[in-house]
Every structure is written in structure tokens, then in C-alpha cells.
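J.: Provided herewith is a single structure, encoded as C-alpha cells, for subsequent inquiry.
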Amino acid sequence: MNPIVEFCMSNLSSGSHKAMEKLEKDTDLDVLEYSCLGHCTLCSQDIYCLVNGERVTAETPDELVDNVYQFIEENQMF
Numbered sequence: 182m183n184p185i186v187e188f189c190m191s192n193l194s195s196g197s198h199k200a201m202e203k204l205e206k207d208t209d210l211d212v213l214e215y216s217c218l219g220h221c222t223l224c225s226q227d228i229y230c231l232v233n234g235e236r237v238t239a240e241t242p243d244e245l246v247d248n249v250y251q252f253i254e255e256n257q258m259f
């Protein structure tokens, strides 16, 4: 089972779309886009995504990609 990375459509316009584009190229990830993930306060402050249901944040798209991979490495499911 691949890690699930979820993005909020509203947050994509804040810069996370660049991170999503990079992560979508990784066939070992399931990258999904939703209209809202219900984290509106966070969404207005930082770029973020959910990885297996847990929030991962960053200040830049490249940092978000790095943080996603670090989170996955530290929280391996298997």
C-alpha cells in the first residue's frame, strides 16, 4: 500500500501545487486533490498536505516535498 498524500485545492493556489506536481511523479505515492481538507486556519498560514492523514507543513514547495519524504521515512507503515 502506497502512502496517501492529500492536497487542498485552496492551498494549491498558495504554492503547494509545485510540491504536488513533484510528488505526483513518484509512482510509490498516491497523490490526491480535494476541494477542502478542513484545515482552513492552517491553509491560510502555510503550505501543507496530509500524509496518511497527518499534517505536514512547510514554508516552500521544495521544503514540503522534503518534509513529506522525511515524514514517510520516519513513519513507515510496514
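Position in the sequence shown (from 1) plus 181 gives the number in the working numbering.
Ideal Cβ positions, reconstructed from N, Cα and C, are used throughout, including at glycine.
So what's glutamate 235 in DSSP terms, helix, strand or just coil?
T.: In this structure, glutamate 235 counts as strand in the three-state DSSP scheme.
J.: Helix, strand or coil for aspartate 227? Go by DSSP, reduced to three states.
T.: If DSSP states are grouped into helix, strand and coil, aspartate 227 belongs with coil.
J.: If you draw a straight line from the C-alpha of serine 191 to the C-alpha of histidine 198, how long is it?
T.: Answer to the nearest angstrom: the Cα atoms are 10 Å apart.
J.: According to DSSP, tyrosine 215 sits in a beta bridge with which residue or residues?
T.: Cys189, per the DSSP bridge assignment.
J.: Rounded to whole angstroms, what is the Cα-Cα separation between glutamate 255 and glutamate 202?
T.: So the two alpha carbons sit approximately 23 Å from each other.
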